[in-house]
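If you're matching positions, the sequence shown starts at 1 in UniProt numbering and goes up one per residue.
Just so you know, even glycine gets a beta-carbon here, dropped at the ideal spot from N, CA and C.
Quick notes on the structure that follows.
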Amino acid sequence: MIKPERERRHGKTVAGIQVRTNKERELQPEDAQLDRLWEKFNDERLADSIPDKAAGSPVYGVYTEYDNGADGDYSVLAGVEVTDETKVPDEFATLTLEAGEYLVFHGDRAGPDAAMEIWGKVWHYFETEDAPQRTFLTDYEVHEADRVTLYVGIK
């Protein structure tokens, strides 16, 4: 079983494009939103066009605005860290990654398949008896050139 690390994280502002979805919708190829979100973000090279991007910012996949925990609707934002959200045009959504305690799950490769593989391990981990309680405020993926790391907010 995967052994995540516990880490306290500071808040930061992320800007990008956002969709609203749920697990059920993502299982239906004709209704799935996440593949389209990432396709648009990558094809349009939005990581390079968001104003006031923080130097060296990786790409983030942020999960937030959960209804009913993991079972309801949630929002996902694909974006980058910005230093001043007031400089971000209205065409982009902005949100703040919640400061707090997170469990950190490290992947061993990059890409969307790697992220989904880590999420599978996360869901399995949180089904165990001794797993801490999730906050369902913000969870996020950090996409780097060689790997994906997932941060899951906990109480």
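Query	Result
Residue from Asn68, Arg147, Lys23 and Asp73 with nearest C-alpha to Asp113	Arg147
Closest Cα partner of Ala115 within the set Val142, Pro89, Glu98 and Ala15	Val142
Among Trp38, Gly107 and Val88, the one whose alpha carbon lies nearest that of Ala15	Val88
Environment of Glu44 [buried if 16+ CB atoms lie within 10 Å]	exposed
Coil, strand or helix - Leu95 by DSSP	strand
Validate contact between the region 80–94 and the region 46–66 using beta carbons, cut 8 Å, 3 pairs	yes
Backbone secondary structure at Asp113 - three-state DSSP	helix
Which residues DSSP lists as bridging Tyr74, in chain order	Thr21
Span separating the alpha-carbon of Arg134 from that of Leu46	30 Å
Integer Cβ distance of Gln28 from Leu77, believed to fall under 8 Å	Going by Cβ atoms, the distance from Gln28 to Leu77 rounds to 21 Å, so no, they are not a contact pair.
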